[in-house]
Amino acid sequence: MSKPNIIQLSEFDITQKIIESLSNVCTRAVLFSIKNESKDATQIADELKISISTVYKTLSNLEELALAEVDKFVISPEGKKIKQYRSRIGKVEITLTDLEPTLHLYPNTSNPKTNTS
Numbered sequence: 000m001s002k003p004n005i006i007q008l009s010e011f012d013i014t015q016k017i018i019e020s021l022s023n024v025c026t027r028a029v030l031f032s033i034k035n036e037s038k039d040a041t042q043i044a045d046e047l048k049i050s051i052s053t054v055y056k057t058l059s060n061l062e063e064l065a066l067a068e069v070d071k072f073v074i075s076p077e078g079k080k081i082k083q084y085r086s087r088i089g090k091v092e093i094t095l096t097d098l099e100p101t102l103h104l105y106p107n108t109s110n111p112k113t114n115t116s
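Numbering-wise (numbering that gives the first Met the number 0), the sequence shown opens with residue 0 and increments by one.
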C-alpha cells in the first residue's frame with residue numbers, strides 16, 4: 000500500500016483542520032470576540048462588521064472542531080431561544096518539528112458568565 004500524499008493526509012488530520020481554520024482571519028476574529036464573554040451570532044456580526052451568514056458558518060466550523068461551544072441560551076423579547084457562544088480555547092501554540100506541526104490548545108479560563116449584559 001502506498002503512503003498517502005500530504006493532501007490526502009490533511010483531509011483526515013484534525014490538527015491540520017484546526018491549523019487551517021485558525022489561519023482564517025474571520026475565524027480568529029470570531030474566536031477573539033467570544034473569548035471573554037458569550038455572544039449570539041447577531042452580536043458577533045454587528046461587532047465584527049461581517050455578514051450573519053459568515054458568522055453562522057464560522058461558528059458551525061468552530062463547534063465541529065470543538066473550539067467553540069454554546070455556553071447558554073437566552074430568550075429574546077419575542078420569545079425566541081437564542082444561542083450564546085463561547086470560545087473553548089484561550090491560547091494556541093503551533094510548533095513545527097521535522098516538518099510536522101504540533102498543536103497545543105489551552106482551555107479558555109475566562110468566565111463569561113460573570114459578564115451579564
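Cβ atoms here follow ideal geometry from the backbone N, Cα and C, with glycine treated the same way.
Query, Result
"Near residue 107, what residues of its chain come up, given a Cβ to Cβ distance below 8 Å and the 5 sequence neighbours on each side ignored?", "34, 85, 86, 87, 88, 89"
"Output needed for residue 50: all residues of its chain with C-beta closer than 7 Å, excluding positions within five of it in sequence on either side, in chain order.", "44"
"Which one of 72, 29, 73 has the shortest CA to CA distance from residue 58?", "29"
"What is the DSSP secondary structure of residue 135, reduced to helix, strand or coil?", "Only positions 0 to 116 of the chain appear in this structure, which leaves residue 135 out of reach."
"Would you kindly check if the distance between the Cβ of residue 102 and the Cβ of residue 93 is under 7 Å?", "yes"
"Run the CB neighbour count on residue 65, radius 10 Å, all protein chains shown included, and call it buried at 16 or more, exposed below.", "exposed"
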